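Going line by line, the protein sequences match chains U and P.
The numbering of the first sequence is my numbering, which starts it at 2 and goes up by one.
The numbering of the second sequence is my numbering, which starts it at 3 and goes up by one.
What follows is a single structure, written as structure tokens, with notes after it.
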Amino acid sequence: MSEMPTIRSRKLEITYNIPISRTLKFWEGLKEGKIYASKCRKCGKLYFPPVADCGNCYSSDMDWVELSGEGEVEAFTHIIVRPVSFQEHPPYTVAIARLKEGVKALAWITGVKKKDVRIGMKVKLVPRITEDGRLTYEFKPMRE
Amino acid sequence: MKTRRVAIIGVGHSKFGERQDVNVKELAFESIKEALNDAGVTPKDIPYLSVGSIGVWYEEPLPAVAIAEYSGMSGAGLYKVEAACATGSAAIHTAYSAIASGYVDLALVVGVEKMREVDTLTAMELMGRAGSYLWEFENFGLTFPGYYALYATAHMNRFGSTEEDLALVAVKAHGYGAMNPLAHLRREISVEDVLSSHVIAWPLKLYDCCPISDGSAAAVLASEEKVRELGIDTPVWITGIGMSSGTGTLSYREDYVGLEATVKASKQAYRMAGVTPSDVEVAEVHDCFTIAEILAYEDLGFCGKGEGHKLVREGQTEVGGKIPVNLDGGLKSKGHPIGATGVSMMVELTKQLREEVEPRSRQAPLKKYIALAHNVGGTGHYCYVTILRR
């Protein structure tokens, strides 16, 4: 870093325990191979990522709707320089796709060469459990 | 709404760059001292101090307290303001409001950031987490260059902007930055330099990205009565401020070819100031990445939607063009110490409007003396547009 004289501070390591009780259906769904969106029973607004409370009409009466996962890429990027906690991963491609149901999703796109990723390509959002046990989801290219 | 007029009466600006020669308090002191001297007031005259800073990359968790103490202003009304990369403009807004409402007659705003006390990849992590941590960082490791790269691919696909167009923004920024003694990166570059620099988040390369900088900037704001009392000869009036915001989660956004928060904030600012985009004679826009400057041209109404890259191709945003933009080098070359940036924009535009920019080759020609600052937090997570007039 710098050649200037400095004092090295005491080290602090922080991790957060993020509550998921109110969206548990979504996280459990990933284990069952399903991707759920939440839908407000009062105003009908569909949410992905899912929420437990509707910011549109303020109802907390939510329904869970399974998504087809089928969508079309609207924007993407290849992340080459990765943040410190992603150093163990090779470079990855992040895409945003609009799903058939109207909501959009942001996730890694895998199973396709970088040079073949393009806007408008058809993809399917599928659940994934990582090697270290994290519940997530990713886009796979769909055969046209 | 009946409010009082508010002017900027003093400005100060530290050297931007890797500043491991100073801690956060010493760095803030540099611009505070200059701003107070410029206004002709003392620290004891300041009843209200607004500190813009994100923190986390430096050791002090309560920087406002530390800075007020170090600069002899403990006892003043005090807080720290956060609006991501628009923090500086938000801090200006709080002081503006306090004076406009009649709460105080004089206020000091300082924006400061020390980002180089942690390593680059840790800084990238801390920035990447700011947005929508659970849905976009936890599993997907999205970075700030990554956020804007998503917008770049969408804009290029929809409107035919190219990597060369993006490079032209960087070349312009470095051209002016090379002239600015306070800029972080003071070196001219070519389109080829940009295109051949290594990819950070495709299509954005190293030279499409602003550096990670340390720096501070300060401004003294005063009521019209105070301006008269102090006998200030060139007050710069804040005639319009617009503020808006957007979702933290990018997938909740409607599209990726513009920032709705910029459109909303700028309309509000133009309306309040009673001006149109064509009245603006010099602007500072938020060019944290080259694509961001092109989006800003369009969203601020300097050109039509999808035409931003044509403005830079034609040289319309240079001195002598339709609307000169970022004559201090912008975030891209001057540097982007996050909390300082919005205040730094006010410092530059105040000097532009006073016609005291050095060297003269980066002074915008002025007739109406109207300037605009556009400061975005995140990727349109926050936006502030401020219109100044001499």
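Here a beta-carbon is modelled for each residue, glycine too, at the ideal position from N, C-alpha and C.
The structure displayed is predicted, hence computed values, not measured ones.
Listed along chain U, the residues sitting closer than 8 Å to P/S253 by beta-carbon distance are F49, P50, I97, V104, K105, A106 and L107. Within the region 131-161 of chain P, complete alpha helix (DSSP H) segments of at least 4 residues are found at 146-161, given in chain order. V201, I202, A203 and W204: these are the residues of the region 201-225 of chain P whose beta carbon lies less than 7 Å from some beta carbon of chain U, given in chain order. Annotation for P/A85: A92, G379 and Y384 place their beta carbon closer than 6 Å to its own, counting only its chain and skipping 5 residues before and after. For P/R131, the closest of P/V120, P/T145, P/R118 and P/L123 by C-alpha to C-alpha distance is P/T145. At least one C-beta of chain U is nearer than 8 Å to the C-beta of P/G143. By the Cβ criterion, the region 214-233 of chain P is in contact with the region 107-115 of chain P, since at least three pairs of Cβ atoms, one from each stretch, lie closer than 8 Å.
Collapsing the DSSP output to three states places U/P128 in a strand.
Cβ-Cβ separation between U/V127 and U/K141: approximately 6 Å, consistent with a contact (criterion under 8 Å). Residue contact check for P/D195 against chain U: no CB pair falls below 8 Å. Counting along the chain, the unbroken alpha helix (DSSP H) around P/I340 starts and ends at I340 to L355. The beta carbons of P/L223 and P/V24 sit no closer together than 8 Å. Between P/A68 and P/V120, the C-beta spacing is not below 8 Å.
For U/F140, the enclosing beta strand (DSSP E) covers residues L136 to P142. Between P/Q270 and the set P/V321, P/L374, P/T155 and P/A151, the nearest pair of CA atoms involves P/L374. Between the region 10-22 of chain P and the region 199-216 of chain P there are three or more C-beta pairs closer than 8 Å, enough to call the two in contact. U/F140 is outside the set of residues whose beta carbon lies under 8 Å from a beta carbon in chain P. Annotated three-state conformation of P/N39 is helix, per DSSP.
Counting along the chain, no alpha helix (DSSP H) covers U/I19, and no H or E run does either. The beta carbon of U/R83 sits closer than 8 Å to some beta carbon of chain P. Sequence-ordered contacts of the region 63-83 of chain U with chain P read E75, A76, F77, T78, H79, I80, I81, V82 and R83 [C-beta pairs closer than 7 Å].
Listed along the chain, the chain U residues whose CB falls inside 7 Å of the CB of P/D23 are M5.
Rounded to the nearest angstrom, the gap between the Cα atoms of P/F291 and U/R99 is 25 Å.
Within chain U, the C-beta atoms nearer than 8 Å to that of P/G130 come from P84, in chain order.
When the Cα atoms are used, P/D47 and U/G56 turn out to be separated by approximately 45 Å. Boundaries cannot be given for P/T5, as no alpha helix (DSSP H) includes it and DSSP labels it neither H nor E. Non-local beta-carbon contacts of U/E73 in its own chain, meaning distances under 8 Å to residues more than five positions away in sequence, involve A98, R99, G121, M122, K123 and V124 in chain order. For P/H376, the enclosing beta strand (DSSP E) covers residues I372 to G379. Within chain P, the residues E61 have their CB atoms less than 7 Å from the CB of U/S10, given in chain order.
At a beta-carbon threshold of 9 Å, the residues of chain U lying near P/T124 are P84 and V85, ordered along the chain.
Per the coordinates, the alpha-carbon of P/A275 lies some 10 Å from the alpha-carbon of P/S268. The beta carbon of U/I120 sits closer than 8 Å to some beta carbon of chain P. Interface annotation, U/I19: in contact with chain P, CB-CB separation under 8 Å.
When Cβ-Cβ separations below 8 Å define contact, P/Y258 makes contact with chain U. Around the beta carbon of U/L13, fewer than 16 other beta carbons sit within 10 angstroms, so the residue counts as exposed. In the three-state DSSP reduction, P/Y299 falls in the helix class (H, G or I).
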